[in-house]
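A short worksheet on the structure shown next.
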Amino acid sequence: MWNLGQSILGGNEEDREGEFLENPDGLCNLSPVQRMYGFAGCLVAGFACMLLSLIVFAKPIKFAVLFTFGNLLAVGSTAFLIGPVQQIRMMFDPVRIYATAIYIGCVVLAFICALWIHNKILTIIVIIGEICAFIWYSLSYIPFARGMVSRLMVRFCDTDLD
14 MWNLGQSILG
24 GNEEDREGEF
34 LENPDGLCNL
44 SPVQRMYGFA
54 GCLVAGFACM
64 LLSLIVFAKP
74 IKFAVLFTFG
84 NLLAVGSTAF
94 LIGPVQQIRM
104 MFDPVRIYAT
114 AIYIGCVVLA
124 FICALWIHNK
134 ILTIIVIIGE
144 ICAFIWYSLS
154 YIPFARGMVS
164 RLMVRFCDTD
174 LD
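The numbers in my numbering rise by one with no breaks, and the one at position 21 of the sequence shown is 34.
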């Protein structure tokens, strides 16, 4: 899994110094089965944190921290499948750059509101925004999903009185 064997046994450090820059996945060569276990483990842990956060919903600050941590674990779990570098490239793809920016902004705001400002109402508002941003970000990976959801929202929220 990790190239610790060569480090512990005194592998040639000079030859391996540029290895990380040449191959970003060189430190973590996982088999497909190990990648699936890592993905499933992070995804389950993320969903568990999000579900456990509902227990402390009455305390919005604890809720926000636990929910946001679970949310980050769930999003980060896909890095096991496609690799962290490809994950970041896909997040900042022109198709989903705005969804990613809003999602990351909501995550940062949730932590600021929960840990620094200590405003419960503002924390809940930001968490609702984080959930919406997470859904919109996730829909960006499904072909035509954002367009379909946009048309449905216009149809359901249309207040035209013909």
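Every residue gets a Cβ at the ideal spot worked out from N, C-alpha and C, and that includes glycine.
query                                                                                                                                                            : result
Which whole runs of the alpha helix (DSSP H) in the segment 83 to 155 are 4 residues long or more, in chain order?                                               : 92 to 95, 97 to 104, 110 to 124, 133 to 152
Does DSSP classify S163 as helix, strand or coil?                                                                                                                : helix
Give the C-beta separation of V88 and L128 to the nearest angstrom, bearing in mind that I take them to be a contact with Cβ-Cβ under 8 Å.                       : With 8 Å as the limit, V88 and L128 do not qualify as a contact, their Cβ atoms being about 20 Å apart.
Evaluate the contact criterion for the segment 89 to 102 versus the segment 69 to 77: three or more CB pairs, one atom per stretch, below 8 Å.                   : no
On the three-state DSSP scale, how would you describe F52?                                                                                                       : helix
In whole angstroms, what separates the C-alpha of F82 from that of T136?                                                                                         : 14 Å
Taking the C-alpha atoms as reference points, what is the distance between A123 and I95?                                                                         : 27 Å
With DSSP as the reference, label I74 as helix, strand or coil.                                                                                                  : helix
Figure out for me which residue from F80, N84, G118 has the closest Cα to the Cα of L67.                                                                         : F80
Within a Cβ cutoff of 6 Å, which residues of the same chain sit near A146, ignoring the five residues on either side of it in sequence?                          : I115, Y116, C119
With a cut-off of 8 Å on the beta carbons, I'd call S153 and A112 a contact; round off their distance for me.                                                    : 5 Å
Just verifying my parser: in three-state terms, what is the DSSP assignment at F157?                                                                             : coil
Rounded to whole angstroms, what is the Cα-Cα separation between F130 and P97?                                                                                   : First, the amino acid is wrong: residue 130 is Ile here, not Phe. Going by the C-alpha atoms only, they are around 32 Å apart.
For A61, I'd like the list of residues in its chain whose CB is within less than 8 Å of its CB, leaving aside the five on either flank, ordered along the chain. : G83
Whose C-beta lies closer than 6 Å to the C-beta of M63 among residues of the same chain, with five residues either side of it excluded?                          : F80, G83
Does DSSP put S44 in a helix, a strand or coil?                                                                                                                  : coil
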